[in-house]
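When you line the sequence shown up against UniProt numbering, it's residues 1 to 311, in that order. The C-beta atom is built at its ideal place from N, Cα and C for all residues, glycine as well. Note that the structure is a prediction, hence the values are computed from the model and not measured. Read through the structure below, which is laid out as structure tokens, and then see the notes.
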Amino acid sequence: MTLAVNLLTVFTSVFTSVLYKRSSHLYQQFHHDYLLFANMRTIDCVVLGFLFGLAISDSLNIRLVDGNSSCKGRLEVNRNGIWGTVCNDQWDKKDAKVVCKQLQCGPPKFSYECQPFGEGSGPIWLDEVKCTGNEFSLSECKFNEPGVHDCEHREDVSVLCREHFKIQLVNGSSRCAGRLEVFYDGEWGSVCDDDWDRSDSQVVCHQLGCGGPQLNRGPRFGQASGRIWLDDVQCNGNENSLEECKHRTWSYNDCTHEEDVSVHCTGIAGPRLKKLQNGFGSPFRGLSPFHSSRKNKIKKRTINGKEDRKV
């Protein structure tokens with residue numbers, strides 16, 4: 001009996017020792033593998049971060065040069081710190097649209113295959129550019145390997161984007177009332193009141209974040225002295241910006257500054273009209289303040305020595 005107990009004790013001791021050593025070995029192996037895995041994950045993260053940084057830095061910086069604004073000129077892209085041009089092979093308005101979008105300009109007005117802004121002198125970085133028009137950056141479009149081309153600088157791309165249509169109301173007591181001015185081609189100018197009505201004023205007030213129109217014509221806020229940029233503006237009232245409305249070609253008009261548009265929006269605190277001809281308090285009954293002055297006056301012009309009356 002005693003011998004059996006002694007044998008059992010020895011066997012248990014040996015088995016426990018072997019099990020401990022085996023489990024210890026497994027633990028050490030597991031710990032080694034874990035550390036290796038962890039280190040590999042760390043390396044992978046570093047590599048991925050580096051590659052991500054490269055991807056971001058590889059995004060093409062672009063500019064339009066030798067025009068009189070940042071929204072028109074010869075197209076240049078920056079690669080590795082060096083500015084170069086783009087060849088016009090396969091270039092079309094969809095490519096120009098992406099350029100204008102990336103530069104935060106308006107939509108493209110023209111995309112030239114000639115060189116109205118001169119030829120470049122550095123490397124020709126891009127050729128065979130193909131965009132769908134939905135990209136936000138030129139780097140998202142398809143093109144040949146940068147620097148690979150069969151072009152000369154006489155084929156450099158030039159782009160003319162529309163500049164964003166900025167407006168302001170000046171000479172009033174706040175930014176929500178005053179004489180209407182628009183910014184075009186680097187210069188502020190006024191708007192003629194031919195065909196101007198409440199729908200046009202509504203778009204102006206909406207674009208400025210000033211509520212709706214309160215008054216269209218009066219009180220006046222003085223006459224401008226510069227250009228008259230717009231005439232015959234026609235909005236339906238649902239546009240988000242005055243640039244979406246129809247109008248005559250820029251600077252073409254038959255107006256004087258006596259016809260400069262002024263706008264009152266509800267965003268300004270001030271007295272409303274209490275009475276009009278019919279005696280009611282609403283400023284929109286009886287005589288409407290939103291009629292164009294051109295519809296209520298006789299305009300005289302002298303053409304070839306003859307007086308022309310325009311009602």
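Spatial distance of residue i from residue j (CA atoms)
i: ASN61; j: GLY73; result: 15 Å
i: GLY226; j: SER190; result: 7 Å
i: GLY120; j: SER69; result: 17 Å
i: LYS93; j: TRP83; result: 23 Å
i: PRO213; j: VAL99; result: 36 Å
i: ASN80; j: LEU126; result: 14 Å
i: ILE124; j: PRO146; result: 8 Å
i: GLU135; j: GLU258; result: 46 Å
i: TYR252; j: GLN223; result: 18 Å
i: LYS97; j: ASP194; result: 33 Å
i: CYS141; j: ASN240; result: 29 Å
i: CYS205; j: ILE167; result: 10 Å
i: GLU155; j: SER137; result: 22 Å
i: LYS101; j: LEU64; result: 13 Å
i: LEU171; j: SER139; result: Rather than Leu, the amino acid found at residue 171 in this sequence is Asn. Rounded to the nearest angstrom, the two C-alpha atoms are 45 Å apart.
i: LEU208; j: ASN144; result: 44 Å
i: ARG179; j: THR256; result: 14 Å
i: GLY133; j: LEU169; result: 35 Å
i: ASP254; j: VAL77; result: 43 Å
i: GLY106; j: PRO116; result: 20 Å
i: GLY122; j: CYS245; result: 41 Å
As assigned by DSSP and simplified to three states, the class of residue i
i: GLN207; result: helix
i: HIS164; result: coil
Own chain residues within Cβ distance below 6 Å of residue i, not counting five before or after
i: TRP188; result: GLU181
i: ASP95; result: VAL129, CYS131
i: GLY118; result: ASP66
i: CYS176; result: CYS210, CYS265, GLY267, ILE268
i: VAL157; result: LEU75, VAL86, ASN88, TRP91
i: LEU160; result: LYS72, LYS109, PHE110
i: CYS192; result: ILE228, ASP231, ASN253, CYS255, GLU259
Proximal residues to residue i (C-beta, below 8 Å), its chain only, five neighbours per side dropped
i: TYR184; result: GLU163, PHE165, TRP229, TRP250
i: HIS247; result: LEU230, ASP231, ASP232, VAL233, GLN234
i: LEU103; result: ILE62, ARG63, LEU64, SER70, CYS71, CYS161
Contacts around residue i, its chain only, beta-carbon distance under 7 Å, and the 5 residues preceding and following it disregarded
i: GLY237; result: SER199, GLN202, VAL203
i: GLY186; result: ASN68, SER69
i: GLU243; result: PHE165
i: ARG220; result: SER262
Any C-beta of chain C under 8 Å from that of residue i
i: PRO116; result: No chain C is present in this structure, which holds just one protein chain.
Task: Runs of beta strand (DSSP E) lying entirely within the UniProt domain "SRCR" (62–162), each at least 3 residues, in chain order - done: As far as the UniProt domain "SRCR" (62–162) is concerned, its whole beta strand (DSSP E) runs of at least 3 residues are 72–79, 82–86, 108–112, 124–126, 158–161.
Open item on the list: Taking 8 Å as the cut-off, does the stretch 144–159 touch the stretch 77–89 (at least 3 CB pairs, one atom from each stretch)?
Closed with: Judged by Cβ distances under 8 Å, the stretch 77–89 makes contact with the stretch 144–159, as three or more pairs qualify.
Open item on the list: So within the UniProt domain "SRCR" (167–266), which uninterrupted alpha helix (DSSP H) runs reach at least 4 residues, ignoring any that extend past its ends?
Closed with: 198–207
TODO: Flag this pair as touching only if the stretch 254–263 and the stretch 192–206 have three or more C-beta atom pairs under 8 Å; answer yes or no.
DONE: yes
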